[in-house]
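Structure first, commentary second.
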Amino acid sequence: MAPPAVPASRITVRNAAPPAADGDYVLYWCTANRRASWNFALDRAIEWAMQLRRPLLVLEALRADYPWASARLHRFVLQGMAANRAAFAGKPVLYRPYVEPRAGAGKGLLAALARRACVVVGDDWPCFFLPAMTAAAARAIHVRFELVDGNGMVPLSASSAAFPTAHLFRRFWQKELAREFPAFPRPDPWKGVTLPLAGPLPATVNSRWPEADESLLTAQPGALAAFRFRHAVAPAPFAGGAPAARAALLEFVRQRLPRYADERSDPDHDAVSGLSPWLHFGHLSAHEVFAEVARREGWKRGDLGAPNGGSKEGFWQMSAAAEAFLDQLVGWRELGFHFCRHRPDYADFESLPDWAKATLRAHALDPRLHTYSLEQFAAARTHDPVWNAAQRELVATGRMHNYLRMLWGKKIVEWTQSPQQAAAFMIELNNRYAVDGRDPNSYSGIFWTLGRFDRPWAPERDVFGVIRWMSSANTLKKLRMKAYLARWGGDEGPGKGPFVRD
Ligand SMILES: Cc1cc2nc3c(=O)[nH]c(=O)nc-3n(C[C@H](O)[C@H](O)[C@H](O)COP(=O)(O)OP(=O)(O)OC[C@H]3O[C@@H](n4cnc5c(N)ncnc54)[C@H](O)[C@@H]3O)c2cc1C
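This is how it looks when you write it as structure tokens:
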């Protein structure tokens, strides 16, 4: 029996040509959902290959010159490609990893492969350079070309505009999910699938765009040294790829999820999932995360509650911890994806709500007590030890604790010459160092510090106006972070010198 079809709500046809009758294969061009299971785009490509009785070719490529390219990001993606190669081995698919040795070398590869395809299936991702890249591909691909949205539980096609707050978005998605609980991508995409095997690619393709070799895919230091990117942003202390993601997911769900609602804000309690780097690179699917949480909760689709007007609790009918986690995973994460889909200006000051722009403009000329250059911020050389600790963690590991990320952003707003400069500095620092950067949620978080998805807060203050303000002193009072500061506080840790003034 053929596997269930990918829902039409996930598919955007970019070139409506009929499948090429004389094509050699179906091509899946994997750019965002970089995984070999729980992947609607892969499922769709398999569906076409079965229908047309053609082999399946998967192209996963890595450019040399994407913005903020670094040893950290490259190694993470390469590890994901090595894992995909292993996952596709022995399956009825030809997996082709390609790593551009220098900027521009990969130009023409997709068009060359697409010329011999019946159908091309790609990933639909609403942020960074990907929408422009797929738009350019649509002009160059002359066979049927579809983009498939595997981003989250609520298909991007379900919304018709960006939502101004998480509450309004929650009201929307609760109704959507209650109306029809969504289909999931397949955990085992090969079940019930038989396909002819692809022959070798033409010699001209192989010689001009050779397959990535072992030393590259295992990101050997020697192989990385040849690239002209930011080597100072060193590899993260955790591995990319679906197996590492799955291990992190299982560990979180078993050991930390029960504490999530109560302890997620405390850096010392380590109650968060840490899954965002893998979610960002598509090594992990939000559906898989949801399924694992549901399994642990003993939850079934029929248990779903009724829409409750956008309240955070009670909709899923799971434990308080699971509901709090799913509010982040589905609510906040997907809010950003839908925003980027409808607002191509998502990275601009002008995309802020009118009240936020007005109050920030009214306070544009307020004196700033401290201002720092981008280099001072990058080097964690502010007067504030808590801020510096968070920045050190980000630089060293590619992560920053969620609560501190909010404080980190708010202080950049306070210590720059304008909100526009604050946004530019945050985008640069976040996207340069964070493994999960360059994501819809990067822009949700950064612009949240400037009022997006938020409301006015009294009292009106210098610089911020009625934008919500945060302080390091309050953070220290509120959170447990002694161990965190001992680890990341540098010479400024508690007992090592003067401590926190706001
Ligand atoms: C200034 C600033 C910058 C940020 N930059 C990024 C970024 O580059 N990439 C990124 O993924 N997130 C970003 N966030 C949002 C949030 O901080 C991270 O998603 C979260 O800390 C990731 O850690 P986790 O996986 O342990 O999250 P958990 O608490 O375990 O949550 C599970 C998942 O839910 C989603 N999520 C959690 N909190 C948020 C949130 N506030 N907004 C949107 N989605 C959320 C993430 O996908 C996360 O992996 C930023 C927030 C701020 C304030």
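My numbering puts the first residue of the sequence shown at 11, with every later residue one more than the last.
Don't be surprised by glycine CBs; every beta carbon is placed ideally from N, CA and C.
Contact under 7 angstroms by Cβ, Leu404 with Tyr443: yes
Near ligand 1: Val282 beta-carbon under 6 angstroms from a heavy atom: yes
Sequence-distant residues of its chain with Cβ nearer than 8 angstroms to Glu221 (five each side left out): Arg106, Pro107, Tyr108
Cβ shell of Pro508 (< 7 angstroms), same chain only, five flanking positions each side left out: Note on Pro508: pLDDT 45, under 50, position unreliable in the model; the coordinate value appears next. Here the set comprises nothing.
Classification of Val265 by the beta-carbon crowding that lies within 10 angstroms, buried from 16 upward: Sequence inspection shows Gln at residue 265; the Val mentioned does not correspond to that position. That one is exposed.
Exposure label - Asn441; buried when at least 16 CB within 10 Å: buried
Any non-hydrogen atom of ligand 1 within 6 angstroms of Leu414 CB: no
Per-residue burial, Phe237 [other beta carbons within 10 Å of its own, 16 or more giving buried]: buried
Exposure label - Gln184; buried when at least 16 CB within 10 Å: buried
Proximity below 7 angstroms, CB of Leu67 to CB of Ala208: yes
Residues of its chain near Thr163, where Cβ-Cβ distance is below 8 angstroms and the 5 sequence neighbours each way are ignored: A quick correction: the sequence has Met, not Thr, at residue 163. Counting only Cβ-Cβ distances below 8 angstroms, and skipping sequence neighbours, we find Trp183, Leu187, Pro192, Ala296, His297, Phe300, Val340, Glu344.
Three-way DSSP call (helix, strand, coil) for Asp223 in this model: coil
Beta-carbon contacts of Met436 that lie in its chain and below 6 angstroms, excluding the five residues immediately before and after: Gly419, Ile422, Ile456
Residue burial classification, Ile21 (beta-carbon count within 10 angstroms, cutoff 16): buried
Any non-hydrogen atom of ligand 1 within 6 angstroms of Arg351 CB: no
Contact between the segment 146-155 and the segment 126-134 (3+ Cβ pairs under 8 angstroms): yes
Burial state of Thr144 (16 or more Cβ within 10 Å): buried
Beta-bridge partners of Asn25, as assigned by DSSP: Phe155
Secondary structure of Leu166, DSSP reduced to three states: helix
Proximity test, Leu517 beta-carbon vs ligand 1 heavy atom, cut-off 6 angstroms: There is no way to answer for residue 517, as the model of the chain reaches only from 11 to 512.
Classification of Asp134 by the beta-carbon crowding that lies within 10 angstroms, buried from 16 upward: buried
Per-residue DSSP class, three states only, for Asp133: strand
Sufficient close CB pairs (3 or more, under 8 angstroms) joining the segment 37-46 to the segment 90-102: yes
Sequence-distant residues of the same chain with beta carbon closer than 6 angstroms to Asp394, five excluded per side: Ser482
Trp338 Cβ short of 6 angstroms to ligand 1 heavy atom set: What sits at residue 338 in the sequence shown is Gln, not Trp. Result yes, Cβ under 6 angstroms from ligand 1.
Contact test: Trp342 Cβ vs ligand 1 heavy atom, cutoff 6 angstroms: yes
Any non-hydrogen atom of ligand 1 within 6 angstroms of Ile456 CB: yes
Glu298 CB to nearest heavy atom of ligand 2 below 6 angstroms: Questions concerning ligand 2 fall outside what the structure shown contains, since the ligands it does hold are ligand 1.
Distance cut-off 6 angstroms: Asn94 Cβ against heavy atoms of ligand 1: no
Identified DSSP bridge partners for Cys40: Glu70
Member of Ala71, Phe194, Pro174 whose CA lies at the smallest distance from the CA of Leu140: Ala71
Own chain, CB closer than 6 angstroms to Asn161, minus 5 neighbours either side, in chain order: Phe347
Buried versus exposed call for Gln427 [16 or more other C-beta atoms within 10 Å across all chains shown]: exposed
Residue(s) in a DSSP beta bridge with Ala127: Tyr35
Exposure label - Asp464; buried when at least 16 CB within 10 Å: buried
Gly118 to Pro111 span [Cα, whole Å]: 14 angstroms
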